[in-house]
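Undergrad: Heads up: the protein sequence lines correspond to chains Y and Z, in order. All the letters of the first sequence, read from the start, carry residue numbers 1 to 435 under the working numbering. All the letters of the second sequence, read from the start, carry residue numbers 1001 to 1083 under the working numbering. Yeah, the Cβ is synthetic: ideal placement off N, Cα and C, and Gly gets one too. Since the structure is predicted, the reported quantities are computational estimates derived from the model, not experimental observations.
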Amino acid sequence: MPALPRKVILSGSDCFHLVLDKHAHKYGTGSNVMRIVFQSQEKIAAQQLSAQLNASPLVQWLCNIRLHSGGLFGRPYWEYTGGNQPIPFYEHQYGQAGELPATLLQRDLPLRQQHFIECDLVHYPDDTTAIVISWNHILLDGRGIGMLIQHLNELHEGQPARSADVLFPPPEKKANWPAYIRNMYRVKSFIEKSSRAPIASVASGYGKEPSQFHTQLVQFSVEETARIQQQATAAGARFGPNLFYLSCCAQAVRARLDEKNIPGPFWIPIPYDGRLRGSFGPVITNTVAFLFYRLERDQLHQLPTTVAALQQQMTDQMRDKMPQRYSMLLSMMRHIPLNLYYFLVNRRGKGAFASFLYSSTGDSFNKTDRFMGIPVEHVTIYPSPTFPPGLTFSFLKHREALNINIAYSPDIVPQADLQLLIARLRQMLLGSGSE
Amino acid sequence: MEESVIIADIRQFIETNILAGGVELTPDTNLQQAGIDSFSTVEIILFLERNFNTPVPDDKLLPENFQTLRSLARLVRELSATN
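1. So, does the CB of T215/Y fall closer than 8 Å to a CB anywhere in chain Z?
2. Closest Cβ-Cβ distance between E1078/Z and chain Y: below 8 Å?
3. I need the DSSP call for E435/Y, collapsed to helix, strand or coil.
4. How is E455/Y classed by DSSP in three states: helix, strand or coil?
5. Along the chain, where does the beta strand (DSSP E) containing C119/Y start, and where does it finish?
6. Compare the Cα-Cα distances from R246/Y to each of V307/Y, G28/Y, A46/Y and report the closest residue.
7. 8 Å is my cut-off, CB to CB: does K239/Y come that close to chain Z?
8. Identify the continuous alpha helix (DSSP H) that holds F190/Y and give its terminal residues.
9. Within 8 Å of any Cβ in chain Y, is that where the Cβ of E1043/Z sits?
10. Given a cut-off of 8 Å, decide if E400/Y and N366/Y are closer than it, judged by their beta-carbon atoms.
11. Going by C-alpha to C-alpha distance, which of G95/Y, A55/Y, L310/Y, N84/Y sits closest to T128/Y?
12. When Cβ atoms are compared, which residues of the segment 1038-1071 of chain Z fall closer than 8 Å to chain Y?
13. Would a check of beta-carbon distances place G351/Y closer than 8 Å to chain Z?
14. When you check each C-beta in the segment 1015-1031 of chain Z against every C-beta of chain Y, which residues fall closer than 7 Å?
15. With a CB to CB cut of under 7 Å and the five nearest residues on each side skipped, what residues in its chain are close to S194/Y?
16. Could you tell me the distance, in whole angstroms, from the CA atom of F116/Y to the CA atom of K7/Y?
17. Hey, S360/Y and N286/Y: beta-carbon distance below 8 Å or not?
18. I'd like to know whether the C-beta of L276/Y is nearer than 8 Å to at least one C-beta of chain Z.
19. Extract the residue ranges of the alpha helix (DSSP H) inside the segment 277-338 of chain Y, only unbroken runs of 4 or more that lie entirely within it.
20. Of all Cβ atoms in chain Z, is any one closer than 8 Å to the Cβ of S279/Y?
21. Determine, for I1010/Z, whether the minimum Cβ-Cβ distance to residues of chain Y falls below 8 Å.
22. Would you please verify whether the beta carbon of M332/Y is less than 8 Å from any beta carbon of chain Z?
23. Would a C-beta distance cut-off of 8 Å place N1017/Z and T1054/Z closer than the cut-off?
24. Hey, out of A200/Y, L18/Y, N339/Y, L58/Y, whose CA is closest to Y77/Y's CA?
25. What does a CB cutoff of less than 7 Å around L402/Y pick up in its chain, not counting 5 residues either side in sequence?
26. Count Cβ pairs between the segment 1012-1026 of chain Z and the segment 1035-1045 of chain Z that sit closer than 8 Å; are there 3 or more?
27. Let me know if P265/Y comes out buried or exposed under the rule of 16 or more other beta-carbons within 10 Å of its beta-carbon.
28. Among residues of its own chain, excluding the 5 on either side of H335/Y, which ones have a beta-carbon nearer than 6 Å to its beta-carbon?
29. Could you give the C-beta distance for L20/Y and N32/Y, rounded to a whole number, given that I count them as a contact under 8 Å?
30. Applying the 10 Å Cβ sphere with the 16-neighbour rule, what's the burial state of L303/Y?
31. Closer than 9 Å, Cβ to Cβ, to anything on chain Z: give me those residues from the segment 351-379 of chain Y, in chain order.
32. Just to check my reading of the structure: L1025/Z and L1069/Z have Cβ atoms closer than 8 Å, yes? What is that Cβ distance to the nearest angstrom?
33. Checking contacts by CB at 8 Å: is I1007/Z closer than that to chain B?
34. Which term fits M34/Y, buried or exposed, when burial requires 16 or more other beta carbons within 10 angstroms of its beta carbon?
35. Would you mind sorting L1062/Z into buried or exposed? The rule is 16 or more other CB atoms within 10 Å of its CB.
36. If you count every other CB in all the chains shown that lies within 10 Å of the CB of W135/Y, and 16 or more means buried, which is it?
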């Protein structure tokens, strides 16, 4: 077993998630908890699965840590307590096959706890099972959870645990403060220009706290997914289907906002994984920066126009090394006390962080056919409810079939509106009467 | 410019800026399998434009041109010849 680090300093991206956590608690949406769900046709023994999970040094670490603020101008860090608390493990019997109990989906993983990962086993009447791993996003991003699953699978196959050097973030280089400060002004200027008011959001005009959040899964067959890929190519998506997916979401949301007479362009931050490619690790820590897309009304009429606008903005931002610059800015912001950091982030957008939220795991789970030896039929990600804006699209491909999990508040997007939005989204993705 | 020289330049860029240490890259390694994703592809295109002074037009942004270091080098030679 690798030696587990006593202290892990939060990355800039982790600290940004601390700000989001503070924001979420202000609006009563709970912590930034993500869930990955493995649906299996098999009946699974809880005790065996629990023991296997607890054999992982990473799971042990995630269940025995506490957050320290780092003091005034210090960087927050995780302290490993060295305790032996096992992973919290819950079992449910649930009548609706393929769905998850509300008590599970609403359970929080707040920072005051000393564990940041949990497992649920949901048994259905037809003897099928769902394994649900929930984690707090402050510790692990989407790529991180993919690698955690890989690590657990490797342990199950009897391979030795990977070293702490790859499981945890590497030592940081010394900060170059003059470069940080020059960079800060450049990023600030870009974001201010990109997000200049007015920005339309699904939450526009909705000022109070939403009372509830739900998720809705939209599934496509393998044949439909292949057709979506063809539509992406036909719409001019040159770098994979991701920007086509985003274009379809944007147009579907725009159509809904038009019906509500909510004008204004969109502003959408999209995660960008800052890890070197082809590597394993780090698993712990968020390494995500963002690309920021602004879509004007006249760029939202036809899919090829939307895709072209997004591609141009992506290329321009990567040419300017904006993701790397944004990461540098976030690293610098770690030294600011959390309350001041929150004030600085929140004052500009007055709480409206984005028009809507979007993420995609790409092909990370496409070939996942087992979880710790258990055959897996479906894999789904449940994004955390985030308000504002109160609408998040999470795309995932498994066994060549695309699924989209939509986290929404019915206070902001009522059920009837959501069904219209989903119908439009399907039409756009599949190319049936989208324009 | 010789194909081998172009390959060496692109390889050095990818190894330094995109891929983790230890990922083996030969002229015929499938770049996607080595870990190159859509964002990395954009970085490679920007490098080609900067380093070889060859804008990559939309109609050349095809998966087969970005499959290996060798196919990238052929693309650079083709674009250089037409510019």
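TA: Taking the definition as stated:
1. Translated into positions along the first sequence, residue 215/Y becomes position 215. Answer no: the Cβ-Cβ gap between T215/Y and chain Z never drops below 8 Å.
2. In the second sequence, counting from the first residue as 1, residue 1078/Z sits at position 78. For E1078/Z, the answer is no, since every Cβ of chain Y falls outside 8 Å of its Cβ.
3. Position 435 of the first sequence holds residue 435/Y. Per-residue confidence for E435/Y stands at a pLDDT of 43, beneath the threshold of 50, marking its modelled position as unreliable; no derived number is given.
4. It is not possible to answer for residue 455/Y, since the shown part of chain Y is limited to 1 through 435.
5. Against the first sequence, residue 119/Y aligns to sequence position 119. Start and end: 117-123.
6. For the purposes of this step, residue 246/Y is identified with residue 246 of the first sequence, where counting begins at 1. The question names Arg, but residue 246/Y is Leu in the sequence shown. Closest by alpha carbon: V307/Y.
7. Start at 1 with the first residue of the first sequence, and residue 239/Y comes out as number 239. Position check: residue 239/Y holds Phe in this sequence, whereas Lys was assumed. Yes, contact with chain Z.
8. As a working note, residue 190/Y is residue 190 in the first sequence. That run of the alpha helix (DSSP H) goes 177-194.
9. Along the second sequence, one-based indexing puts residue 1043/Z at 43. Chain Y contact via Cβ: present.
10. Within the first sequence, residue 366/Y is the residue found at index 366, counting from 1. Within the first sequence, residue 400/Y is the residue found at index 400, counting from 1. The answer is yes: Cβ separation under 8 Å.
11. In the first sequence, counting from the first residue as 1, residue 128/Y sits at position 128. That would be G95/Y, whose Cα lies nearest to the Cα of T128/Y.
12. S1038, F1039, S1040, T1041, V1042, E1043, I1045, L1046, D1058, L1061
13. Walking along the first sequence from the start, residue 351/Y turns up at place 351. Note that G351/Y scores 46 on pLDDT, short of 50, meaning its location in the model is unreliable and no value can be drawn from it.
14. I1018, L1019, A1020, V1023
15. For this step, residue 194/Y is matched to residue 194 along the first sequence. So the qualifying residues of the chain are W267, F292, R294.
16. Sequence index remark: in the first sequence, residue 116/Y carries index 116 (1-based). Sequence index remark: in the first sequence, residue 7/Y carries index 7 (1-based). Answer to the nearest angstrom: the Cα atoms are 16 Å apart.
17. Along the first sequence, read from residue 1 onward, the residue named residue 360/Y stands at position 360. Along the first sequence, read from residue 1 onward, the residue named residue 286/Y stands at position 286. Cβ distance not < 8 Å, so S360/Y and N286/Y don't count as in contact.
18. As a working mapping, residue 276/Y is identified with position 276 in the first sequence. It does: the Cβ of L276/Y has a partner Cβ on chain Z nearer than 8 Å.
19. 303-319, 322-333
20. In the first sequence, counting from the first residue as 1, residue 279/Y sits at position 279. Yes, S279/Y counts as interfacial toward chain Z.
21. For the purposes of this step, residue 1010/Z is taken as residue 10 along the second sequence, with counting starting at 1. I1010/Z does not count as touching chain Y.
22. For the purposes of this step, residue 332/Y is identified with residue 332 of the first sequence, where counting begins at 1. Output row for M332/Y: interface = no.
23. What you label residue 1017/Z is simply residue 17 of the second sequence in a count that begins at 1. What you label residue 1054/Z is simply residue 54 of the second sequence in a count that begins at 1. For N1017/Z and T1054/Z, no; Cβs fall outside 8 Å.
24. Residue mapping note: residue 77/Y aligns to position 77 of the first sequence, counting from 1. If we check each option's Cα against that of Y77/Y, L18/Y comes out closest.
25. Residue mapping note: residue 402/Y aligns to position 402 of the first sequence, counting from 1. So the qualifying residues of the chain are F220, T225, I228, F395.
26. yes
27. On the first sequence, residue 265/Y is found 265 positions in, with the first residue counted as 1. Per the 10 Å Cβ criterion, buried.
28. Taking the first sequence and counting its residues from 1, one reaches residue 335/Y at position 335. Same-chain partners within the cutoff: F73.
29. Here residue 20/Y refers to the residue found at position 20 of the first sequence. Here residue 32/Y refers to the residue found at position 32 of the first sequence. Going by Cβ atoms, the distance from L20/Y to N32/Y rounds to 6 Å, so yes, they are a contact pair.
30. Stepping through the first sequence from its first residue, residue 303/Y is reached at position 303. Classification of L303/Y: buried, given that the 10 Å Cβ count is 16 or more.
31. G362, D363
32. Reading the second sequence from its first residue, position 25 is the one you call residue 1025/Z. Reading the second sequence from its first residue, position 69 is the one you call residue 1069/Z. That belief holds up - the Cβ atoms of L1025/Z and L1069/Z are roughly 7 Å apart, short of 8 Å.
33. Protein chains in the displayed structure are Y and Z, and chain B is not among them.
34. For this step, residue 34/Y is matched to residue 34 along the first sequence. M34/Y should be labelled buried.
35. In the second sequence, counting from the first residue as 1, residue 1062/Z sits at position 62. It is exposed - the Cβ of L1062/Z has fewer than 16 other Cβ atoms within 10 Å.
36. Position 135 of the first sequence, counting from 1, holds the residue named residue 135/Y. Buried, because 16 or more other Cβ atoms sit within 10 Å of the Cβ of W135/Y.
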